[in-house]
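Trainee: I have a structure here, written as structure tokens, and I will follow up with some questions on it.
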Amino acid sequence: MKLKHLGGEVPSHYNYYVQSAFYNKMPQIISQTIHDKGFEQGPRRFKLFTFSRLLGDFQRKDRTLVFKSDASLCFSSPVELIVTSLAKEFMDNPRFRVGKGEFVVESVKVSESKVEEGVFYTLSPVTVYKHAQGIKYLSPYQIEFQHLVSLNAERKLMSLQKPKPTTPLKVVTLEAESVKVSYKNNSVMAWKGKFKLSGPLSLIKIVYEAGLGSKNSQGFGMIEKEGVSVRE
Numbered sequence: 000m001k002l003k004h005l006g007g008e009v010p011s012h013y014n015y016y017v018q019s020a021f022y023n024k025m026p027q028i029i030s031q032t033i034h035d036k037g038f039e040q041g042p043r044r045f046k047l048f049t050f051s052r053l054l055g056d057f058q059r060k061d062r063t064l065v066f067k068s069d070a071s072l073c074f075s076s077p078v079e080l081i082v083t084s085l086a087k088e089f090m091d092n093p094r095f096r097v098g099k100g101e102f103v104v105e106s107v108k109v110s111e112s113k114v115e116e117g118v119f120y121t122l123s124p125v126t127v128y129k130h131a132q133g134i135k136y137l138s139p140y141q142i143e144f145q146h147l148v149s150l151n152a153e154r155k156l157m158s159l160q161k162p163k164p165t166t167p168l169k170v171v172t173l174e175a176e177s178v179k180v181s182y183k184n185n186s187v188m189a190w191k192g193k194f195k196l197s198g199p200l201s202l203i204k205i206v207y208e209a210g211l212g213s214k215n216s217q218g219f220g221m222i223e224k225e226g227v228s229v230r231e
């Protein structure tokens, strides 16, 4: 989506506000179902959507962002109904807020997934964690990171009633820089960078559409194929 910034400062940690904007734009029955129930796989529930950072030229001012120009925002889901209903609502009712910042959607482009092995870069940072005396966030350079990403991808795929592949998703970290993101006053350790993905195309497709790693619906793990610009 191409956005025009109408004014107002955007909180520097804005994930919750953008997530809320997406939920508010979804038809109520869809947003309620996703928020309250999600897509089940065993005891786990997945929202099966993700979104990018706000992409644009901005200046940091205290704990806010002041945009100097227009911006872009990307959304992805393997569930077509979610994508099409959101696209329609943003075109019909294009204004939304992110904190005190007000935006209007100038254009919406819906693209089909063309999935293949290769190098992907992050549109929003990737986070992976495990429960070990609390929450322990993993570095993408740890061996366990790849295992948990692949396991997470398999569970997302099976939540859509699709078969589990016989081989895992392979993730090779090419570049990674740690970032801390605050979500509802909780600090999340995440990583932006480049990752090489190979293995079953069904697993590459699910992480491309639903997000790589965890907390995707909170604005983590959106990726794009290297060489593809989302600002065009």
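Numbering (my numbering), first residue to last: 0 to 231.
Using N, Cα and C, we set each Cβ at its ideal position, and we do this for glycine too.
Taking the beta carbon of Q160 as the centre, do at least 16 other beta carbons fall within 10 Å, making it buried, or is it exposed?
Mentor: Locating residue 160 in the sequence shown gives position 161, counting from the first residue. It is exposed - the Cβ of Q160 has fewer than 16 other Cβ atoms within 10 Å.
Trainee: Going by DSSP in three states, M157 sits in which element: helix, strand or coil?
Mentor: One-based indexing of the sequence shown puts residue 157 at position 158. M157: helix per DSSP, three-state reduction.
Trainee: How about the stretch 79-93 and the stretch 20-36: do they share at least three Cβ pairs that are nearer than 8 Å?
Mentor: Touching, per the Cβ criterion.
Trainee: First and last residue of the alpha helix (DSSP H) that includes A175?
Mentor: Here residue 175 refers to the residue found at position 176 when the sequence shown is read from its first residue. Premise fails: A175 lies in the beta strand (DSSP E), 169-182, not in any alpha helix (DSSP H).
Trainee: Evaluate K214 with the Cβ neighbour count: other Cβ atoms within 10 Å of its Cβ, from every protein chain shown; 16 or more gives buried, anything less gives exposed.
Mentor: Locating residue 214 in the sequence shown gives position 215, where the first residue counts as 1. Under this definition K214 is a buried residue.
Trainee: Taking buried to mean at least 16 other C-beta atoms within 10 Å of its own C-beta, is G212 buried or exposed?
Mentor: Position 213 of the sequence shown, counted from the start, is the residue given in the question as residue 212. It is buried - the Cβ of G212 has at least 16 other Cβ atoms within 10 Å.
Trainee: What residue from E223, L85, V107 has the CA that sits closest to I29's CA?
Mentor: For the purposes of this step, residue 29 is identified with residue 30 of the sequence shown, where counting begins at 1. The residue with the shortest Cα to Cα distance from I29 is L85.
Trainee: Rounded C-beta distance between L200 and V114? I'm assuming under 8 Å.
Mentor: Translated into positions along the sequence shown, residue 200 becomes position 201. Translated into positions along the sequence shown, residue 114 becomes position 115. Indeed, because the Cβ distance is near 6 Å, the residues count as touching under 8 Å.
Trainee: Could you give the distance in angstroms between the alpha-carbon of T63 and the alpha-carbon of V9?
Mentor: Along the sequence shown, one-based indexing puts residue 63 at 64. Along the sequence shown, one-based indexing puts residue 9 at 10. Rounded to the nearest angstrom, the two C-alpha atoms are 5 Å apart.
Trainee: Since E223 is in the beta strand (DSSP E), which residue starts that stretch and which ends it?
Mentor: Position 224 of the sequence shown, counted from the first residue, corresponds to residue 223. Counting along the chain, the beta strand (DSSP E) containing E223 begins and ends at 222-224.
Trainee: Alpha carbons only, please: which of I203, K129, Q145 is nearest the one belonging to V187?
Mentor: Numbered from its first residue, the sequence shown carries residue 187 at position 188. When each option's Cα is compared against that of V187, the closest is K129.
Trainee: Only counting runs of 3 or more residues, tell me where the beta strand (DSSP E) segments fall wholly within the stretch 76-153, in order along the chain.
Mentor: DSSP runs (the beta strand (DSSP E)) wholly in the stretch 76-153: 94-97, 100-106, 117-121, 128-130, 134-136.
Trainee: When burial is assigned at 16 or more other CB atoms within 10 Å of the CB, is K24 buried or exposed?
Mentor: Here residue 24 refers to the residue found at position 25 when the sequence shown is read from its first residue. With 16 or more Cβ atoms within 10 Å of its Cβ, K24 is classed as buried.
Trainee: Sort S197, P164, Y15, I142 by Cα distance to N185 and report the nearest one.
Mentor: Counting from one through the sequence shown, the residue named residue 185 turns up at place 186. The option with the nearest alpha carbon to N185 is Y15.
Trainee: On the premise that T49 lies in contact with S149, defined as a C-beta separation below 8 Å, what is that separation, rounded to the nearest angstrom?
Mentor: Taking the sequence shown and counting its residues from 1, one reaches residue 149 at position 150. Taking the sequence shown and counting its residues from 1, one reaches residue 49 at position 50. Actually they do not touch by this definition, with Cβ atoms about 17 Å apart.
Trainee: In chain order, what residues of the same chain lie with their CB nearer than 6 Å to the CB of I203, ignoring the 5 residues before and after it?
Mentor: Counting from 1 along the sequence shown, the entry for residue 203 is found at position 204. For I203, where only same-chain residues beyond five positions count, the Cβ hits under 6 Å are V114, L196.
Trainee: Helix, strand or coil for E39? Go by DSSP, reduced to three states.
Mentor: Locating residue 39 in the sequence shown gives position 40, where the first residue counts as 1. The answer is strand: DSSP assigns E39 an E or B state.
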